[in-house]
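What follows is a single structure, written as structure tokens, with notes after it.
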Amino acid sequence: MSYRSFNVLTAQSTSVSRLEDLLRESLSLRVLAIPGPPLMPNAMSDGCARSKLAVLFSGGLDCTVLARIAHDLLPNHEPIDLLNVAFENPRIHSSLVDGSASAYELCPDRVTGRASFAELQQACPGRLWRFVAVNVPYTETNEHRQAVISLMHPHNTEMDLSISLALYFAARGQGQVTDTSNGTTIQYTTSARVLLSGLGADELFGGYTRHATAYRRGGTPALLDELQLDVSRLGQRNLGRDDRVMSHWGREVRFPYLDEKLLSWALAVPVDEKCGFAEMPVDAESPYVEDGSMLEQSKKGLRCLAWKLGMRAVAKEKKRAIQFGARTAKMEARKTKGTQAIA
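According to my numbering, the sequence shown is numbered sequentially starting from 1336.
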């Protein structure tokens, strides 16, 4: 397949460069003045370098771009923790390996996370990237369920709970770290008091399936309406809930994509300069070329930035909701909808 001849986004597009500048500025404000972490003698193994910063890390496009740019801003001797959460979901784990630890490694976000972790290590070899595998047994999910429901109040749907559980345990930052040099694994709790979240990227750059649907049905006006709706309800639907759930652990979550300057630019720029729905669809067999022009239409501007930063596999990564990637959705063997109120 070929593209239409107008305004095809590439890694060299002016809007991609502007996005990079704004995202670097946003991250600079959020990562360069973090105070040193407190001593945590009971939570960390001896010999671990303490981290100031951690990333809520599914391995997807949004969070990996944040991690990649944060690397450029922070001194090389400072480790960055990548918090990757996976749940024991009885509906799924029982058919895999009877709930053993390896079943966590089959969670979609764990697979993607490890792949993006490897790409970060390759692109930024001077940095200690610490991949924290947060494995949550079903029994532990049940033990904390009521606490999470209380924290996310007044939100009360099954989808809210699925998302909140993933964020709650990720923000706790307690898991396993494997030394890639010798293969040894230790129990580890991050000392970072600041967490980075990729929230807002989908709403600003057209990352949801409904954005593509809106464009197909009503063109640019319909897409703009859908994007504006998503941004306008971020505070009500996401920010308060997420902050309450994660700050429970004494950590502060920061949202670089929601920086005021970046947000203002993203809302004002022509929509075909941040996503590629006006371009012809990409055929599954289409070859990727050096300028990134053949990347997927959704969040095309951000994909081109990842491509420009050397994160080629990440630039091609498909969107996946956290509740499905971490497998917190539909843990019970009963029919429920995400919009259904918690029983």
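Here a beta-carbon is modelled for each residue, glycine too, at the ideal position from N, C-alpha and C.
Since the structure is predicted, the reported quantities are computational estimates derived from the model, not experimental observations.
Rounded C-alpha distance that separates residue i from residue j
| i | j | result |
| --- | --- | --- |
| E1652 | L1630 | 10 Å |
| D1407 | I1677 | 43 Å |
| T1476 | L1500 | 8 Å |
| A1613 | R1359 | 27 Å |
| L1357 | L1534 | 16 Å |
| R1589 | K1634 | 21 Å |
| G1508 | H1479 | 15 Å |
| L1344 | N1573 | 30 Å |
| D1514 | R1552 | 50 Å |
| S1628 | I1521 | 42 Å |
| L1496 | K1643 | 36 Å |
| A1549 | H1412 | 46 Å |
| Q1481 | Q1675 | 17 Å |
| V1483 | R1426 | 21 Å |
| A1402 | C1459 | 10 Å |
| P1370 | E1608 | 37 Å |
| M1487 | N1342 | 42 Å |
| A1506 | P1556 | 38 Å |
| Y1543 | Q1632 | 11 Å |
| G1461 | A1641 | 19 Å |
| E1595 | Q1571 | 17 Å |
| M1494 | S1485 | 15 Å |
| R1445 | V1512 | 13 Å |
| E1538 | L1602 | 10 Å |
Nearest neighbour of residue i, chosen from the options [CA to CA]
| i | options | result |
| --- | --- | --- |
| S1451 | L1362, E1475, S1393 | S1393 |
| P1489 | L1357, D1537, G1575, P1605 | G1575 |
| A1438 | D1537, S1516, P1472 | P1472 |
| R1410 | A1368, V1483, T1555, R1528 | The sequence shown places Pro at residue 1410, rather than the Arg named in the question. The residue with the shortest Cα to Cα distance from P1410 is A1368. |
| T1566 | A1506, C1639, L1598 | The question names Thr, but residue 1566 in the sequence shown is Val. Among A1506, C1639, L1598, the Cα nearest to that of V1566 belongs to L1598. |
| S1516 | A1506, A1536, F1422, R1465 | R1465 |
| T1306 | Q1632, V1604, D1444 | Any property of residue 1306 remains undetermined from this structure, which presents the chain solely from 1336 to 1678. |
8 Å Cβ shell around residue i - same chain, five flanking residues per side excluded
| i | result |
| --- | --- |
| A1405 | L1362, V1366, L1388, V1390, I1415, L1531 |
| D1381 | In this prediction, D1381 scores a pLDDT of 46, lower than 50, which makes its location untrustworthy; the coordinate-derived value is nonetheless stated afterwards. Correct list: empty, nothing qualifies. |
| L1502 | L1391, D1577, V1580, M1581, I1657 |
| A1619 | Residue confidence is low: A1619 scores 48 on pLDDT, short of 50, so the model does not pin down where it sits. Its coordinate-derived value is still stated next. If we look at A1619 and ignore the five residues flanking it on each side, it has no Cβ neighbours. |
| H1372 | According to the sequence displayed, residue 1372 carries Pro and not His. Taken in chain order, the residues that qualify are R1385, S1386, K1387, S1526, A1527, R1528. |
Test item: CB-CB of residue i and residue j under 8 Å
| i | j | result |
| --- | --- | --- |
| F1540 | C1610 | yes |
| T1525 | V1467 | yes |
| M1581 | T1399 | no |
| T1447 | G1510 | no |
| R1384 | L1463 | Here residue 1384 turns out to be Ala, not Arg, going by the sequence shown. For A1384 and L1463, yes; Cβs fall inside 8 Å. |
| E1454 | A1648 | yes |
| L1558 | V1606 | yes |
| A1527 | R1449 | no |
| C1311 | V1420 | This structure cannot speak to residue 1311, because the chain is shown only from 1336 to 1678. |
| L1569 | H1546 | no |
| R1679 | W1584 | Outside the displayed range of the chain (1336 to 1678) lies residue 1679, so it cannot be described from this structure. |
| S1469 | L1418 | It should be noted that the sequence gives Val, not Ser, for residue 1469. Yes. |
Continuous alpha helix (DSSP H) stretch holding residue i: start and end
| i | result |
| --- | --- |
| L1640 | 1635 to 1643 |
| E1454 | 1443 to 1458 |
| R1365 | 1349 to 1366 |
| V1649 | 1647 to 1650 |
| L1539 | 1536 to 1540 |
| L1602 | 1595 to 1603 |
| V1566 | 1544 to 1567 |
Terminal residues of the beta strand (DSSP E) in which residue i lies
| i | result |
| --- | --- |
| W1464 | 1464 to 1471 |
| T1513 | 1509 to 1513 |
| I1404 | No beta strand (DSSP E) contains I1404, which is instead part of the alpha helix (DSSP H) from 1396 to 1408. |
| V1420 | 1415 to 1422 |
| T1525 | First-last for T1525: undefined, no H or E at that position. |
| A1576 | Reading the sequence as shown, one finds Arg at residue 1576 and not Ala. Run containing R1576: none in the beta strand (DSSP E); it sits in the alpha helix (DSSP H), 1575 to 1582. |
| R1589 | 1587 to 1589 |
| A1389 | 1388 to 1391 |
Same chain, Cβ closer than 6 Å to residue i, five either side skipped, listed in chain order
| i | result |
| --- | --- |
| L1564 | none |
| Y1592 | G1535, A1536 |
| D1397 | G1533, A1536 |
Any non-hydrogen atom of the ligand FMN within 7 Å of residue i CB
| i | result |
| --- | --- |
| Q1456 | As far as ligands go, the structure on display features none, and thus does not contain the ligand FMN. |
Neighbourhood of residue i by C-beta, 7 Å cutoff - its chain only, sequence neighbours within 5 removed
| i | result |
| --- | --- |
| Q1457 | none |
| A1378 | In this predicted model, A1378 has a pLDDT of only 44, less than 50, meaning its place in the structure is not dependable enough to derive any value. |
| T1474 | none |
Closer than 8 Å to chain D by CB, residue i
| i | result |
| --- | --- |
| R1353 | Among the protein chains of the structure shown there is no chain D, as only one such chain exists. |
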